[in-house]
Amino acid sequence: QGGGSTQFAMVAENLGIHTGKAAYINTGVWAKKAAAEAKKLGIKVDVIASSEDRNFSYIPKVQKVEGDYDYVYICFNNTIMGTHYEYIPDTGNIPLVADISSCVLSEPIDVSKFGLLFAGAQKNLAPAGVTLVIIREDLITETPLAGTPTMLSYKTHADNGSMYNTPPCYTIYVLDKVLHWIEKNGGAEGMYRRNKEKADYLYDFLDSSDFYHATTEKGSRSLMNVPFLTKYSTGASDEASLAKEKEINDKFVKEAAAAGLVNLKGHRLVGGMRASIYNAMTLDGVKALVEFMKKFAAENA
Ligand SMILES: Cc1ncc(COP(=O)(O)O)c(C=O)c1O
């Protein structure tokens, strides 16, 4: 329990115990929050790569990580920025930790390449309330950082079959249903085929449009979260341009909602719109969005 946010601290408390040093790749809000939490716990955090220079629109290429780090931390799918790793950094013997909250079971993932993977449930698994952690057994320590509460030790959960305290039964019940649905639809491979088709449909439209554009760079694009802007997001900061941009974005979100397409408002850090097309979204849903976008573009060109 405690969601992805609690994992930010648990990772540091349970893994940052030998040299007290950890490497973080900064790809936006969620990676930053995780690093901040580690620092709070006294971990020496090295940011070994960052995509902040271009507003987190891409995933930095980190070929090889070396150093006496206890772990290397990445956020595999960046929900807000709409970026996703298309490679797994080579960290040699250093355990690689990945936050897969917003891409869990959207594609196959080679678990053997990671020391620890975690995901809050609420995107592709179940309602919020249960958290998935996959941890290499040798990383389950008996001696987390001094003062680590019992509930924040992975050993507590591992030793007690994830039932040290009362489990969120209803959420687990729904999780079971969702996992059966995923299995019936081809498992992680099936989800990937479905998600790739959906995302390609939307990105192809964005890349061919004169009115809209994706905010992320090719080679770093999320299959789950697709932020986009209109031609009225010019980057100009004068009052008239900003007012026009806001007017168009507000109009888009309002008219889309009236057409049954909801939650399209982008995060304030990126602006514009964001389509979240998790496993549960159908290709027909994405097609309906694109049809609406074409109509809106024609009416507001
Ligand atoms: C990638 C990522 N990590 C962590 C979190 C935080 O998860 P929670 O709300 O479960 O604490 C989120 C929430 O959206 C997320 O998208």
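Be aware that the sequence shown starts at 1460, since it is given in the numbering used here, and climbs by one per residue. Cβ coordinates follow ideal geometry from the N, Cα and C atoms, glycine included. Values in this document were obtained by computation on a predicted structure and should not be read as measured data.
Residue i classed as buried or exposed, judged by whether at least 16 other C-beta atoms fall within 10 angstroms
{"i": "Ala1717", "result": "exposed"}
{"i": "Gly1463", "result": "buried"}
{"i": "Tyr1629", "result": "exposed"}
{"i": "Gly1620", "result": "exposed"}
{"i": "Pro1686", "result": "buried"}
{"i": "Thr1602", "result": "exposed"}
{"i": "Ala1497", "result": "buried"}
{"i": "Gly1606", "result": "exposed"}
{"i": "Met1752", "result": "buried"}
{"i": "Ser1667", "result": "exposed"}
{"i": "Ala1695", "result": "exposed"}
{"i": "Met1650", "result": "buried"}
{"i": "Met1622", "result": "exposed"}
{"i": "Ala1715", "result": "buried"}
{"i": "Leu1723", "result": "buried"}
Which listed residue (the options) has its alpha carbon closest to that of residue i
{"i": "Glu1566", "options": "Asn1654, Pro1586, Lys1523", "result": "Asn1654"}
{"i": "Tyr1660", "options": "Leu1500, Lys1746, Leu1638", "result": "Lys1746"}
{"i": "Met1469", "options": "Val1592, Val1712, Asp1549", "result": "Val1592"}
{"i": "Arg1513", "options": "Val1524, Met1540, Lys1503, Ala1495", "result": "Met1540"}
{"i": "Thr1675", "options": "Glu1750, Asn1537, Ala1497, Asn1722", "result": "Asn1537"}
{"i": "Gly1574", "options": "Gly1551, Tyr1662, Asp1635", "result": "Gly1551"}
{"i": "Ser1571", "options": "Glu1758, Leu1604, Glu1596, Ala1673", "result": "Glu1596"}
{"i": "Ala1739", "options": "His1616, Gln1581, Asp1666", "result": "Gln1581"}
{"i": "Tyr1530", "options": "Val1633, Ala1673, His1477, Val1488", "result": "His1477"}
Three-state secondary structure assigned by DSSP to residue i
{"i": "Asn1684", "result": "strand"}
{"i": "Lys1503", "result": "strand"}
{"i": "Phe1535", "result": "coil"}
{"i": "Arg1595", "result": "coil"}
{"i": "Ser1571", "result": "helix"}
{"i": "Asn1759", "result": "helix"}
{"i": "Ile1484", "result": "strand"}
{"i": "Asp1529", "result": "coil"}
{"i": "Phe1670", "result": "coil"}
{"i": "Met1622", "result": "coil"}
Distance between residue j and residue i (C-alpha atoms, nearest Å)
{"i": "Ala1585", "j": "Ile1631", "result": "8 Å"}
{"i": "Met1610", "j": "Ala1587", "result": "18 Å"}
{"i": "Ile1568", "j": "Leu1576", "result": "10 Å"}
{"i": "Leu1638", "j": "Gly1645", "result": "11 Å"}
{"i": "Leu1757", "j": "Val1712", "result": "In the sequence as presented, Leu is not what sits at residue 1757; that position holds Ala. Ala1757 and Val1712: Cα-Cα distance of roughly 16 Å."}
{"i": "Ile1502", "j": "Ser1679", "result": "29 Å"}
{"i": "Val1589", "j": "Asp1669", "result": "43 Å"}
{"i": "Ile1641", "j": "Lys1677", "result": "28 Å"}
{"i": "Ser1612", "j": "Ala1471", "result": "11 Å"}
{"i": "Pro1608", "j": "Gly1461", "result": "13 Å"}
{"i": "Gly1526", "j": "Phe1535", "result": "21 Å"}
{"i": "Pro1626", "j": "Ala1617", "result": "14 Å"}
{"i": "Gly1479", "j": "Leu1604", "result": "9 Å"}
{"i": "His1672", "j": "Leu1665", "result": "5 Å"}
Distance CB(residue i)-CB(residue j) smaller than 7 Å
{"i": "Thr1542", "j": "Ile1559", "result": "no"}
{"i": "Tyr1528", "j": "Ile1553", "result": "yes"}
{"i": "Ser1509", "j": "Asn1485", "result": "yes"}
{"i": "Glu1706", "j": "Ser1692", "result": "no"}
{"i": "Ile1533", "j": "Ala1495", "result": "no"}
{"i": "Ala1482", "j": "Ile1507", "result": "yes"}
{"i": "Phe1467", "j": "Lys1492", "result": "yes"}
{"i": "Leu1720", "j": "Leu1688", "result": "no"}
{"i": "Ala1647", "j": "Leu1564", "result": "yes"}
{"i": "Arg1733", "j": "Gly1744", "result": "no"}
{"i": "Asn1473", "j": "Thr1615", "result": "no"}
{"i": "Ile1736", "j": "Lys1643", "result": "no"}
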